[in-house]
């Protein structure tokens, strides 16, 4: 991801750090743990992440 990442997490998580955050661009989706934001990220093509969400919802 060359663009500046804008991280977001579910509004249902409130102030807690027990979830994941996503940074989405047209090309890639980055995922990180809110408990360890400096611990690294998982970056996948956005099309693959969209397919994962589709399969989960099915």
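Numbering (the working numbering), first residue to last: 3 to 60.
Every residue, glycine too, gets a C-beta built ideally from N, C-alpha and C.
Closer than 7 Å by C-beta to residue 33: which residues in its own chain qualify, once you throw out the five before and the five after it? Chain order, please. As a first step, residue 33 must be located in the chain shown, where it is residue number 31. Around residue 33: 22, 24, 43 and 44.
Could you give the uninterrupted runs of the beta strand (DSSP E) lying entirely in the segment 11-46, keeping only those of 3 residues or more? 22-26 and 30-35
CA-to-CA distance, residue 17 to residue 38, given in whole angstroms: On the chain shown, position 36 is the one that residue 38 refers to. On the chain shown, position 15 is the one that residue 17 refers to. When rounded, the distance between both Cα atoms is 15 Å.
In this structure, how does DSSP classify residue 59 when only helix, strand and coil are distinguished? Here residue 59 is taken as the residue at index 57 of the chain shown, counted from 1. Helix.
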